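Trainee: Start counting at 1 in the sequence shown, then tack on 3, and there's your number in the working numbering. Yeah, the Cβ is synthetic: ideal placement off N, Cα and C, and Gly gets one too. Fair warning: this is a prediction, and the values are worked out from it, not measured in the lab. Shown below is the structure under consideration.
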Amino acid sequence: MARQVFTAYIEWDPETELYVGFVPGIPGAHTQAATLDELRKNLQEVLELCLEERKERGEISEFPQFIGLQQIEVAV
């Protein structure tokens, strides 16, 4: 079985006091957790489920590639 590495975007939500993570470009690949270790485990599980669903529908193709992040400044 081939292995693929994905990049997850992680934020801290002060309102829920949880870490929130998602994998850009993979619909449904998002979750939350109280710790970063738990978030990593949850993200791995949900990503595997999302990819399995795509495979069953015949939608496996090239995946998005991480390029970088940009910070955009706006007045608030």
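So what's Leu1 in DSSP terms, helix, strand or just coil?
Mentor: As displayed, the chain neither begins before 4 nor continues past 79, which places residue 1 out of reach and without an answer.
Trainee: At which residues does the beta strand (DSSP E) containing Glu51 begin and terminate?
Mentor: Where Glu51 is concerned, there is no enclosing beta strand (DSSP E), although the alpha helix (DSSP H) it sits in stretches over Leu39 to Glu59.
Trainee: Report all residues from its chain with a CB closer than 7 Å to the CB of Pro67; omit the five preceding and five following residues, and keep chain order.
Mentor: Within the same chain, Pro67 has close Cβ partners Pro27 and Gly28.
Trainee: Grab me the residues of Phe69's own chain with a C-beta within less than 7 Å of its C-beta, minus the 5 sequence neighbours each way, in chain order.
Mentor: Cβ within range, chain order: Thr10.
Trainee: Between which two residues does the beta strand (DSSP E) carrying Thr10 extend?
Mentor: No beta strand (DSSP E) holds Thr10; DSSP gives it neither H nor E.
Trainee: Glu62 by DSSP, collapsed to three states: which one?
Mentor: Here Glu62 sits in coil by DSSP.
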